[in-house]
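Asks: Add 10 to the 1-based position in the sequence shown for this note's numbering, that's all there is to it. Got a structure here, written out as structure tokens. Questions coming.
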Amino acid sequence: MNGKIKNLFSVVISSLLVISLLASCGGNAGNGGKAAVDQPNTGNTGSPQNEGNIDLSEKVELVWYLLGEPHKDTEAVVAEFNKMLAEELNTTVKLNFTSWADWETKYNLLLSAGERIDMIFASTWANYYKYAAQGAFLPLDDLLPVYAPETWKNVPEQDWKEAKVNGKIYAVPSTYPEYTPDGIVYREDWRKELELPEIKDLDSIEAYLDGVKREKGVTPINGKAYNEIYTMFRAYYDFLHIGGDSGVVVATSYDTPRDIVAYPFTDEFEQWVKKMRTWAEKGYWNSDTLSSQSEAGDAIKVGTGAVYWRNAPGAGGYIMGQKTDNPDIELAYFPFSRFHNYVMPTLSVQNAMAIPKSAKYPERSLMVLDKLRNDPKYYDLMTYGFEGVHYDISEDGRTIVTPPASRADDPDYSNYDIASWGWRVESMQRVKPAGGWPEFDNLLAEFRETSRPNIFAGVMMDYEPVRAEQAAVNAVMQQYGLPLMMGLITDVEKGLETYRKQLEAAGVHKLVDYVKEKANAHFDAIGVK
């Protein structure tokens, strides 16, 4: 496409967005999927419909906050969103963003300063449970059936359970299961070339590492290897991390969640570190692995490595990146969930929307969220932007195509993307554009088939009563545990004895008792035996 045509498209696109902003002052209803200039006049006079017996006579502006950054076209998208809301709910939303720079401090200030906020993104990684327990959010149990009836009906009971703190619901969770089991990306072309067994268990992993080291002469996990080995250890024995930053404290299996121990005192750990000593001696990683600043994935790119730890979504991104940058390399992925044939989704409140106690219009916020989660014209608009401007829909009626045909050669095009995770609903999601990781659909089907409820991630604790023990145990783990895990201690039995004594001196048993007490209270609350 020549320069004149490119400039013409840029002018057209800019005009569409400007017209959309101007149209937000009018009364035409949008379809949430196209720019406002394309919308027919619905004949609506501007009087909002009465949602059941709810009084909508007062026009209100809600204050919402999302994490991250707006898209350059967010102002136009929100203007269209508000035009629809004004007609249907006599409501508009002022959408604010925290930005990622020092977001934790900003988020804490928003919830503690008393600033009026009618809805805010909430997440386990943004300390949802802590803030809810401290009273930062409003309980929603009585409001949801009245002001968000579709959401109340459609969100699975398990998700509502995960949103509860002290028996009350404080957030509306996203209804979009995410599966992020740990695993390894590896050179599949080398496995085939060397006629090594298909990777399906620990023995075949060892055979692969050995074959690559012996036949290719490269260090299989070349760089920082601790993530690969530690996550493999936990998954192999079904040791489940519990209690946040508790270091060495685990539940011994999914089926025995109340059997909580410090894993360095188990027979399994002793077996593992002895095996890791043999792996280290065979050169499956370098002796400076704990101090290395190199990523094992970087070594794969240049042909000096073969294995890299990733979770499932991270594996997809890495593999597709290499298809572009190194098309001659064939990679595959083995999720550690296959050791025991089950996977737990991330908590539904990994992404959610909550109403702070400073809210002026909690009922209206829930009504807007109900529209956003259940009405395609709202969902598509706020999640994907304008059809024809930010995306096209393929002939199957479901798949998003980016960039749209009208902007195929527009150098200023960028995919519309904001922090829409809080209102995601699986049934409402469009199919991702072609070019994604082909294996992901098969993996997702496998994960869904073997999925079990995440009963552990909700154990969030205040470690203040055992802060000294926690710090001491973590320091001992760094000094004595990591070298053992990586097979860097020549006399394994003596090293293990020293490690255990140091943990006992640091107060590990007090730490375990504390985690066990809090975890059992959580299991009692959610009905886990």
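For glycine and all other residues, C-beta sits at the position ideal for the given N, C-alpha and C.
Since S461 and P345 are thought to touch, with beta carbons under 8 Å apart, how far apart are those beta carbons, to the nearest angstrom?
Replies: In the sequence shown, residue 461 corresponds to position 451, counting from 1. In the sequence shown, residue 345 corresponds to position 335, counting from 1. That pair is no contact at about 13 Å.
Asks: Which of the three DSSP states is assigned to T108 in this structure?
Replies: By one-based count along the sequence shown, residue 108 stands at place 98. Coil, per DSSP.
Asks: Using only CA atoms, which one of A535, Q480, Y401, W74 lies nearest to M363?
Replies: As a first step, residue 363 is located in the sequence shown; it is residue number 353 there, counting from the start. Checking every option, the nearest Cα to that of M363 belongs to W74.
Asks: Classify W433: buried if its beta carbon has 16 or more other beta carbons within 10 angstroms, exposed otherwise.
Replies: Numbered from its first residue, the sequence shown carries residue 433 at position 423. By the 10 Å Cβ count, W433 comes out buried.
Asks: Check I310 in the structure and name its three-state DSSP category.
Replies: Walking along the sequence shown from the start, residue 310 turns up at place 300. In this structure, I310 counts as helix in the three-state DSSP scheme.
Asks: Scan the stretch 275–331 and note each continuous alpha helix (DSSP H) run of 4 residues or more that stays entirely inside, going in chain order.
Replies: 277–291, 306–311
Asks: Starting from L7 and walking both ways along the alpha helix (DSSP H), at which residues does that stretch end?
Replies: The structure shown has nothing for residue 7, since the chain only spans 11 to 539.
Asks: Just reading off the beta strand (DSSP E) that F147 is part of, what are its end residues?
Replies: Start at 1 with the first residue of the sequence shown, and residue 147 comes out as number 137. Taken as a continuous stretch (DSSP letters only), F147 belongs to no beta strand (DSSP E), as it is neither H nor E.
Asks: Can you name the start and end residues of the alpha helix (DSSP H) that D390 belongs to?
Replies: As a first step, residue 390 must be located in the sequence shown, where it is residue number 380. DSSP places D390 inside the alpha helix (DSSP H), whose first and last residues are 386–394.
Asks: State the CB to CB distance for the pair Y401 and Y394, rounded to an integer number of angstroms; the pair is presumed to be in contact (CB under 8 Å).
Replies: Residue numbering aside, residue 401 sits at position 391 when the sequence shown is read from its first letter. Residue numbering aside, residue 394 sits at position 384 when the sequence shown is read from its first letter. Sure, about 5 Å apart at Cβ, within 8 Å.
Asks: Taking the beta strand (DSSP E) that R438 falls in, what are its first and last residues?
Replies: Within the sequence shown, the letter at position 428 stands for residue 438. Looking at the sequence shown, residue 438 is not Arg but Met. Careful: M438 lies outside any beta strand (DSSP E) and carries neither H nor E.
Asks: Hey, out of G468, A369, Y423, whose CA is closest to V359's CA?
Replies: Here the question's residue 359 lines up with position 349 in the sequence shown. Answer by Cα proximity: G468.
Asks: Going by C-alpha distance, which of V156, A143, T115 is nearest D65?
Replies: As a working note, residue 65 is residue 55 in the sequence shown. The candidate whose alpha carbon is nearest that of D65 is V156.
Asks: Is DSSP giving Y196 helix, strand or coil here?
Replies: Taking the sequence shown and counting its residues from 1, one reaches residue 196 at position 186. Of the three classes helix, strand and coil, the one that applies to Y196 here is strand, per DSSP.
Asks: Taking P271 as the reference, which of A478, D534, D169, V525 has the closest Cα?
Replies: As a first step, residue 271 must be located in the sequence shown, where it is residue number 261. The residue you asked about is not Pro; residue 271 is Val in the sequence shown. The shortest Cα separation from V271 among A478, D534, D169, V525 belongs to V525.
Asks: Please state the DSSP three-state secondary structure of M496.
Replies: Position 486 of the sequence shown, counting from 1, holds the residue named residue 496. Of the three classes helix, strand and coil, the one that applies to M496 here is coil, per DSSP.
Asks: Distance check for D501 and R458, CA to CA, integer angstroms please.
Replies: On the sequence shown, residue 458 is found 448 positions in, with the first residue counted as 1. On the sequence shown, residue 501 is found 491 positions in, with the first residue counted as 1. Cα to Cα, R458 sits roughly 44 Å from D501.
Asks: Give the range of the beta strand (DSSP E) segment to which E238 is assigned.
Replies: What you label residue 238 is simply residue 228 of the sequence shown in a count that begins at 1. Unbroken run through E238 is the alpha helix (DSSP H), 236–247; no beta strand (DSSP E).
Asks: Would K234 be called buried (16 or more neighbouring beta carbons within 10 Å of its own) or exposed?
Replies: The sequence position of residue 234 within the sequence shown is 224, counting from 1. Counting Cβ neighbours within 10 Å, K234 comes out buried, since at least 16 surround it.
Asks: Can the beta-carbon of G221 be found less than 8 Å from the beta-carbon of Y343?
Replies: Locating residue 221 in the sequence shown gives position 211, where the first residue counts as 1. Locating residue 343 in the sequence shown gives position 333, where the first residue counts as 1. Not closer than 8 Å, so no.
Asks: Among A158, N118, N92, G124, which has the Cα closest to the Cα of K140?
Replies: Numbered from 1 along the sequence shown, position 130 holds the residue referred to as residue 140. Of the listed residues, the one whose Cα sits closest to K140 is N118.
Asks: Alpha carbon to alpha carbon, what distance is there between D199 and L376?
Replies: Walking along the sequence shown from the start, residue 376 turns up at place 366. Walking along the sequence shown from the start, residue 199 turns up at place 189. CA-CA distance, L376 to D199, rounds to 52 Å.
Asks: When the Cα atoms are used, what is the spatial distance from E208 to S214?
Replies: Here residue 208 is taken as the residue at index 198 of the sequence shown, counted from 1. Here residue 214 is taken as the residue at index 204 of the sequence shown, counted from 1. Rounded to whole angstroms, E208 to S214 spans 7 Å at the Cα level.
Asks: Give every residue of the same chain whose Cβ lies closer than 7 Å to the Cβ of K520, excluding the five residues on either side of it in the sequence, and list them in chain order.
Replies: Start at 1 with the first residue of the sequence shown, and residue 520 comes out as number 510. For K520, where only same-chain residues beyond five positions count, the Cβ hits under 7 Å are V476, E479.
Asks: Based on the DSSP output, what are the partners of T356 in its beta bridges?
Replies: Walking along the sequence shown from the start, residue 356 turns up at place 346. T356 is not bridged to any residue.
Asks: Taking the straight line between their C-alpha atoms, what separation do you get for D385 and V88?
Replies: For the purposes of this step, residue 385 is taken as residue 375 along the sequence shown, with counting starting at 1. For the purposes of this step, residue 88 is taken as residue 78 along the sequence shown, with counting starting at 1. Each residue's Cα considered, the two are about 16 Å apart.
Asks: When DSSP labels each residue in this structure, what does G42 get in the three-state scheme?
Replies: Along the sequence shown, read from residue 1 onward, the residue named residue 42 stands at position 32. At G42 the pLDDT is 34, less than 50, meaning the model places this residue with poor confidence; the figure from the coordinates comes in the next sentence. DSSP places G42 in coil when its eight states are reduced to three.
Asks: Give every residue of the same chain whose Cβ lies closer than 8 Å to the Cβ of G517, excluding the five residues on either side of it in the sequence, and list them in chain order.
Replies: Numbered from its first residue, the sequence shown carries residue 517 at position 507. For G517, where only same-chain residues beyond five positions count, the Cβ hits under 8 Å are V476, A478, E479, A482, V483.
Asks: Looking at the unbroken alpha helix (DSSP H) that takes in E208, where does it start and where does it end?
Replies: Translated into the one-based positions of the sequence shown, residue 208 becomes position 198. No alpha helix (DSSP H) holds E208; DSSP gives it neither H nor E.
Asks: Bridge partners of A181, per DSSP?
Replies: Looking up residue 181 in the sequence shown gives position 171. In the DSSP secondary-structure assignment, A181 is bridged to A364.
Asks: Sorted by chain position, which residues of the same chain lie with C-beta nearer than 7 Å to V353's C-beta, five sequence neighbours on each side aside?
Replies: Working through the sequence shown from its first residue, we reach residue 353 at position 343. The residues are Y189, P191, S347, F457, T460, S461.
Asks: Could you say if the stretch 289–307 and the stretch 501–510 meet the contact criterion of at least three C-beta pairs nearer than 8 Å?
Replies: no
Asks: Sorry if obvious, but does the Cβ on A132 come closer than 7 Å to a heavy atom of the ligand FMN?
Replies: Only the bare structure without any ligand can be found here, which leaves the ligand FMN out of the picture.
Asks: Let me confirm a value: V312 is counted as buried when at least 16 other C-beta atoms fall within 10 Å, else exposed. Which label applies?
Replies: In the sequence shown, counting from the first residue as 1, residue 312 sits at position 302. V312 is exposed by the Cβ-count criterion.
Asks: How long is the line joining the alpha carbons of T229 and A290, rounded to whole angstroms?
Replies: The count along the sequence shown starts at 1 and reaches residue 229 at position 219. The count along the sequence shown starts at 1 and reaches residue 290 at position 280. Taking the straight line from one Cα to the other gives about 11 Å.
Asks: Within its chain, find whatever has a CB closer than 7 Å to the CB of F131; leave out the 5 residues flanking it on each side and keep chain order.
Replies: As a first step, residue 131 is located in the sequence shown; it is residue number 121 there, counting from the start. For F131, where only same-chain residues beyond five positions count, the Cβ hits under 7 Å are Y75, L76, L77, M363, A429, G432.
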